[in-house]
Amino acid sequence: MKKISVVVPCYNEQEALPIFYVETTKELEKIPNVTWEFVLVDDGSKDNTLQVMQSLAQKDERVKYLSFSRNFGKESAMYAGLENACGDYIVLMDADLQDPPSLLGRMVKEIEENDYDCVGTRRVTRKGEPPIRSFFARMFYKLMAKISKTEIVDGARDFRMMRREMVDAVVKMCEYNRFSKGILSWVGFKTLWLEYENIERVAGTTKWNFWKLFVYSIDGIVAFSTAPLVISSLLGIGICFVAFCLMLFYAGKALIFGDPVSGFPTLISVILMLGGLQLLCLGIVGQYLSKTYLETKHRPIYITRKTNIEKK
Ligand code: UDP
Ligand code: MG
């Protein structure tokens, strides 16, 4: 008998969680020869998510929960879930049923019969998402493909089932700035991608807005590429070259025609541009420095407030 651990990060999911539990259990029952457990992680919710978890745990002893002392973010919640899951196959799922539980049976089958270590999912459409968000998401994946050696698959969801070995490898990567899409690809292993259409969440609202996603994408870039650091040097060289050409041009013009150059507009634009570029490059360096700074503090990825999981 193999055991499946269903890891669910939850932030303000009191409406969605009970529906999720019922639907997922229904699908798990259909899979032959497996037992399962739920590892529900309450990411410092402000509503009654924890109470919902506790009542589920009372009814069903396969439900384990863990509640954070504050909101640490989905990345930390996923880490906590993976760390505390003890199944042979571990699956990451959102609480809003946007990750169809009907795929679970297929995932187990692929792992067992076709020797995959990991079965991931990717959305082929971004239906129901604001167009600007889709546009920037696409740009992000294109950019990442160019500047990072770690492959980040476009449209890949966090919804995936992994073997124990892979999860152990992921849990060993205890970096503080976590970008799972990168980490899960960095560890390697044989992965199969299943494709499905985007589904709207069943209840509650999305916890991501454009700004949060933008900051998250910067985290991703800084965590998995050092190309931006090279940009500042290249920009510097490029600008020196342009400045040198301009100098030659104006000197030549003054020598041949002898007319005075009107200085003010050129000067102001050059100063502004250089000032801007310097700030940009300084900012890039600052990004990396700040991440290094946080990393060296070795802060815990999450802090537990309440749980029914016994320490390993
Ligand atoms: N989530 C979390 N912590 C957060 C934000 C979100 O644990 O700070 C969880 C949330 O409860 C859900 C999953 O991450 O189970 C995905 O969030 P959401 O559905 O809001 O994202 P979307 O599907 O819109 O990208
Ligand atoms: Mg969702």
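Just so you know, we're using our numbering here: the sequence shown kicks off at 1448 and counts up by one. In this text, a Cβ means the ideal position worked out from N, Cα and C, and glycines have one as well.
Per DSSP, residue i is paired with what?
i: K1511; result: V1486
i: S1452; result: E1484, I1537
i: T1568; result: L1641
i: R1610; result: Y1536
i: C1457; result: D1489
For residue i, count the other beta carbons within 10 Å of its own beta carbon; 16 or more makes it buried, fewer makes it exposed. Which is it?
i: T1568; result: buried
i: P1548; result: buried
i: F1582; result: exposed
i: V1634; result: buried
i: I1678; result: exposed
i: R1585; result: exposed
i: T1743; result: exposed
i: E1647; result: exposed
i: S1680; result: exposed
i: N1459; result: buried
i: L1729; result: exposed
i: M1554; result: buried
i: V1689; result: exposed
DSSP on residue i, reduced to helix/strand/coil?
i: D1758; result: Before going on, a small fix: residue 1758 reads as Lys here, not Asp. Coil, per DSSP.
i: R1422; result: Any question about residue 1422 goes unanswered here, given that the chain covers just 1448 to 1759.
i: T1471; result: helix
i: R1771; result: Outside the displayed range of the chain (1448 to 1759) lies residue 1771, so it cannot be described from this structure.
i: L1544; result: coil
i: T1743; result: helix
i: F1711; result: helix
i: M1620; result: coil
i: R1752; result: strand
i: A1532; result: coil
i: V1634; result: coil
i: R1517; result: coil
i: D1605; result: strand
i: R1553; result: helix
i: R1625; result: coil
i: E1522; result: helix
i: P1479; result: coil
Return yes when at least one heavy atom of the ligand PLP lies under 7 angstroms from the C-beta of residue i, else no.
i: R1573; result: This structure lacks the ligand PLP; its bound ligands are the ligand UDP and the ligand MG.
What is the C-beta distance between residue i and residue j, in whole angstroms, given that I count them as a contact (C-beta under 8 angstroms)?
i: V1510; j: P1465; result: About 12 angstroms separates the two Cβ atoms, so there is no contact after all.
i: M1540; j: V1455; result: 5 angstroms
i: R1625; j: C1565; result: Wrong, their Cβ atoms sit about 18 angstroms apart, outside the cutoff.
i: R1847; j: F1515; result: The first residue shown for the chain is 1448 and the last is 1759, placing residue 1847 beyond what the model contains.
i: S1452; j: A1532; result: 4 angstroms
i: L1631; j: V1614; result: Contact flag wrong, Cβ pair sits at about 10 angstroms.
i: M1525; j: T1482; result: Not really, about 22 angstroms apart at Cβ, beyond 8 angstroms.
i: I1748; j: L1513; result: Rounded, the Cβ-Cβ distance is 12 angstroms, inconsistent with contact.
i: A1463; j: A1650; result: 4 angstroms
i: G1552; j: E1474; result: 7 angstroms
i: F1671; j: G1629; result: 4 angstroms
i: D1490; j: K1450; result: Actually they are not in contact, since the Cβ atoms of D1490 and K1450 sit about 24 angstroms apart, beyond 8 angstroms.
i: Y1468; j: L1503; result: 6 angstroms
Residues surrounding the ligand UDP [beta-carbon distance to nearest heavy atom under 6 angstroms]: Output, sorted by chain position: P1456, C1457, Y1458, E1460, D1490, N1518, G1520, K1521, A1524, D1541, A1542, D1543, Q1545, R1648, T1653, K1654, W1655.
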